[in-house]
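If you're matching positions, the sequence shown starts at 26 in my numbering and goes up one per residue. Glycine included, each C-beta is placed from N, C-alpha and C at the ideal position. Inspection log for the structure reproduced underneath, given as structure tokens.
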Amino acid sequence: MQKSTPSLSFRYLGYLLIWSLLILNSCKDDDTKLVPPTEENVYLKESTPITSLSKAQIIQKTGSLSGLVTAYVKNDIKVYKITYKTKNTDGTDITASGALIVPVTSNPVSMISVQHGTITDIGDAPSLFRDGSEGSSFGSLFGSMGYIIAYPDYIGYGASDNLPHPYEHRASLASASLDMLRAAKEYLRGQTEIKWDEKLYVAGYSEGGFATMSLQRKIEEEASSEFNLRASSCGAGAYDKTAFMKHIINDKTDGIAGYNSLYLWVLLTYDNIYKLNKPASYYFTEKYASKIAASGRNVSIAESFHLALNDSFKKALNDGTDKGFIDAIADNDVYNFKPKTPTQLYHGTKDPLVFFFNSENAYNAMQKLGATNVTFIKVTDGTHSSSILPFLLGTQAFFAETP
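Quick look at the structure:
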């Protein structure tokens, strides 16, 4: 007992000294307080307020759907444009952008990364938040439901609209979307207005469906420690590029010029990104080759796409001799993996633009690899446009049921 007394005294004196120092520090001016160092942003460059919308304004934006969606609109929203660092298809550093939509609520909320569908007008980029655009209408609606919405522009729109959009290019759609999420995470870390519960959902339709599956796979394979990915909803994406290309070079399609312009866009994008450097006359008959050489994807092809292609090019693909183009197509097949995340696929059975077999092949491949968490919803007689509403309603229900 006698040996312990000095020890207790010194300890007591030590406590008094520490307490005195704390009191002295607390009496100093505020500008001399020690401030914990802030984490430096790696991806986020800038955030700029775009607008704020009330619940009434959000319902008004939905137009003819207002009667259907009124019950889902629960919060006002605030919209920001964020710019962030990412890489172009050639690996160079660039600045990209997107919209970040946050609900006005004190409750913790989850985040949805929404990958937009095909944009032919750069004014429809999500970060511009133009009335009538996908980002403005669907982004507002899902944000008002009580989700943080990350809406990447992709390369070629918004802050990077001086660059060509790498249309349907798996790797860059995935990386631009993932880096947007990283930037959004840094933004949310630096403010207290909204509480993110760390849960992430991903969704998209058409090109957005393809981009969503590409993003999902990249997160699962490379960034699972960064994000708590809870569910993925992919609608009408061209996931099986190899089967898609074989179909449009060999089989009769509807011959709708608007559809063919998108097929042409994919072909020219891959020729450029993979440095195939073939002249238009290698791919297309003389009826179209000189026009495409001059005007790119803006040429109207108003007949079945396969009739616009040279027989020699089709033969080179069918017999496997054009290895460069075949490999480029295969590099953009995204479906052949076993998802770790609960996943649903939506597709209209009569989609004339992005053919139904894309989702069917994806589902079958995932099942063959042992996936037990993938659901395939077939929209009976659905076209590419008529299947959007079932996809949206199904996505909302799916995310609500997957906490």
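Only counting the same chain, and skipping five residues up and downstream in sequence, which positions put a Cβ closer than 7 Å to that of residue i?
{"i": "residue 274", "result": "331, 334, 339 and 342"}
{"i": "residue 99", "result": "169, 170 and 171"}
{"i": "residue 73", "result": "105 and 106"}
{"i": "residue 292", "result": "308"}
{"i": "residue 286", "result": "322"}
{"i": "residue 182", "result": "144, 147, 150 and 190"}
{"i": "residue 230", "result": "142, 260, 261, 413 and 416"}
Are there 16 or more other CB atoms within 10 angstroms of the CB of residue i, so buried, or fewer, so exposed?
{"i": "residue 288", "result": "buried"}
{"i": "residue 336", "result": "exposed"}
{"i": "residue 410", "result": "exposed"}
{"i": "residue 430", "result": "Past the boundaries of the shown model lies residue 430; the chain is included only from 26 to 428, so the question cannot be answered."}
{"i": "residue 404", "result": "buried"}
{"i": "residue 56", "result": "Interpretation of residue 56 is limited by its pLDDT of 46, a score under 50 that renders its predicted location unreliable; the figure taken from the coordinates is listed afterwards. Exposed: under 16 other Cβ atoms inside 10 Å."}
{"i": "residue 242", "result": "buried"}
{"i": "residue 392", "result": "exposed"}
{"i": "residue 150", "result": "buried"}
{"i": "residue 96", "result": "exposed"}
{"i": "residue 157", "result": "exposed"}
{"i": "residue 213", "result": "buried"}
{"i": "residue 87", "result": "buried"}
Checking 8 Å against the spacing of the C-beta atoms, do residue i and residue j come in under that value?
{"i": "residue 320", "j": "residue 372", "result": "no"}
{"i": "residue 234", "j": "residue 261", "result": "yes"}
{"i": "residue 309", "j": "residue 369", "result": "no"}
{"i": "residue 224", "j": "residue 255", "result": "yes"}
{"i": "residue 364", "j": "residue 398", "result": "yes"}
{"i": "residue 177", "j": "residue 140", "result": "yes"}
{"i": "residue 13", "j": "residue 167", "result": "In the structure as shown, the chain begins at 26 and stops at 428. Residue 13 is therefore absent and cannot be evaluated."}
{"i": "residue 198", "j": "residue 239", "result": "yes"}
{"i": "residue 374", "j": "residue 349", "result": "no"}
{"i": "residue 188", "j": "residue 113", "result": "yes"}
{"i": "residue 420", "j": "residue 165", "result": "no"}
{"i": "residue 329", "j": "residue 222", "result": "no"}
Between which two residues does the alpha helix (DSSP H) holding residue i run?
{"i": "residue 237", "result": "232-247"}
{"i": "residue 422", "result": "413-425"}
{"i": "residue 338", "result": "336-343"}
{"i": "residue 317", "result": "311-320"}
{"i": "residue 98", "result": "Where residue 98 is concerned, there is no enclosing alpha helix (DSSP H), given that its DSSP letter is neither H nor E."}
{"i": "residue 283", "result": "282-298"}
{"i": "residue 207", "result": "195-214"}
{"i": "residue 353", "result": "348-355"}
Excluding the five sequence neighbours on either side, which residues of its own chain have a C-beta within less than 6 Å of the C-beta of residue i, listed in chain order?
{"i": "residue 270", "result": "354"}
{"i": "residue 103", "result": "77 and 127"}
{"i": "residue 226", "result": "137, 255, 256 and 424"}
{"i": "residue 206", "result": "138 and 175"}
{"i": "residue 380", "result": "none"}
{"i": "residue 91", "result": "84"}
{"i": "residue 318", "result": "305"}
Quick one: does the C-beta of residue i sit closer than 7 Å to a heavy atom of the ligand FAD?
{"i": "residue 200", "result": "Judged by which ligands are present, the structure shown has none, so any question about the ligand FAD falls away."}
Looking at the secondary structure, which residues open and close the beta strand (DSSP E) in which residue i lies?
{"i": "residue 139", "result": "134-140"}
{"i": "residue 372", "result": "368-373"}
{"i": "residue 308", "result": "Where residue 308 is concerned, there is no enclosing beta strand (DSSP E), although the alpha helix (DSSP H) it sits in stretches over 305-308."}
{"i": "residue 70", "result": "69-78"}
{"i": "residue 399", "result": "399-404"}
{"i": "residue 118", "result": "118-128"}
{"i": "residue 131", "result": "Where residue 131 is concerned, there is no enclosing beta strand (DSSP E), given that its DSSP letter is neither H nor E."}
{"i": "residue 175", "result": "172-177"}
{"i": "residue 166", "result": "Per DSSP, residue 166 belongs to no beta strand (DSSP E); it is in the alpha helix (DSSP H), 159-169."}
{"i": "residue 386", "result": "Premise fails: residue 386 lies in the alpha helix (DSSP H), 382-393, not in any beta strand (DSSP E)."}
{"i": "residue 113", "result": "Counting along the chain, residue 113 falls outside any beta strand (DSSP E), and DSSP gives it neither H nor E."}
List the whole-angstrom C-beta distance separating residue i from residue j, where the pair is believed to meet the contact cut-off of C-beta under 8 Å.
{"i": "residue 122", "j": "residue 107", "result": "7 Å"}
{"i": "residue 204", "j": "residue 68", "result": "5 Å"}
{"i": "residue 267", "j": "residue 352", "result": "About 10 Å separates the two Cβ atoms, so there is no contact after all."}
{"i": "residue 298", "j": "residue 191", "result": "6 Å"}
{"i": "residue 201", "j": "residue 180", "result": "5 Å"}
{"i": "residue 184", "j": "residue 120", "result": "5 Å"}
{"i": "residue 294", "j": "residue 193", "result": "7 Å"}
{"i": "residue 228", "j": "residue 237", "result": "6 Å"}
Below 8 Å CB to CB, which residues in the same chain sit around residue i once its five sequence neighbours on both sides are set aside?
{"i": "residue 427", "result": "226, 255, 256 and 367"}
{"i": "residue 313", "result": "305, 324, 326 and 333"}
{"i": "residue 80", "result": "98, 99, 100, 101 and 169"}
{"i": "residue 132", "result": "171 and 220"}
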